[in-house]
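Right, one structure below, let's go through it.
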Amino acid sequence: MKIFIACSKHFYHQIPTIKDVLEKRGHILAMPNSYDQPMKEEEMKLLSPEEHIKWKGEMLRKDKENIEPNDAILILNYEKKGQPNYVGGATFLEMFRAWEMGKKLFLLNPIPDNLLKDEIIGFNPVILNGNLELI
Numbered sequence: 006m007k008i009f010i011a012c013s014k015h016f017y018h019q020i021p022t023i024k025d026v027l028e029k030r031g032h033i034l035a036m037p038n039s040y041d042q043p044m045k046e047e048e049m050k051l052l053s054p055e056e057h058i059k060w061k062g063e064m065l066r067k068d069k070e071n072i073e074p075n076d077a078i079l080i081l082n083y084e085k086k087g088q089p090n091y092v093g094g095a096t097f098l099e100m101f102r103a104w105e106m107g108k109k110l111f112l113l114n115p116i117p118d119n120l121l122k123d124e125i126i127g128f129n130p131v132i133l134n135g136n137l138e139l140i
């Protein structure tokens, strides 16, 4: 299966382990935007508000071309700053786009208990509870 990985840039350091496990199982993985430069957004914010807006817009538009060739999206939702199973705004938008395209959605951990909970429930993701063998 072709799988797009989506997560907060703060979880990018977790990706190599996930990638290794899934590739050994025969899956083909696509990495998130700015995977090779996880702090690029912070750099853009320092340049100017206009440059950040332009860059962020480009990243959001790029989501369609990142998700479209894949069969599924895997959301890595770990704890972030005391928030269990964190899903941020950009990741939520990637989930929505994948759902809209009819892609299979996998959440590594349970649905976060926050203001996005009902919408994420509506996407009907497969909750892996940390078990990648369920993919």
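Counting from 6, one number per residue, gives the positions in the sequence shown under our numbering.
Glycine residues also receive a C-beta, built at the ideal position from the N, C-alpha and C atoms.
Of the residues assessed, P117 falls on the buried side of the cut-off, its CB having 16 or more other CB atoms within 10 angstroms.
When the beta-carbon positions are compared, A77 and I8 come within less than 7 Å of each other. If you draw a straight line from the Cα of V92 to the Cα of S13, it comes to about 7 Å.
Note on geometry: alpha-carbon atoms of H18 and K24 lie some 11 Å from one another. Inside the stretch 69-128, DSSP marks whole alpha helix (DSSP H) runs of 4 or more residues at positions 94-105 and 122-128, from first to last along the chain.
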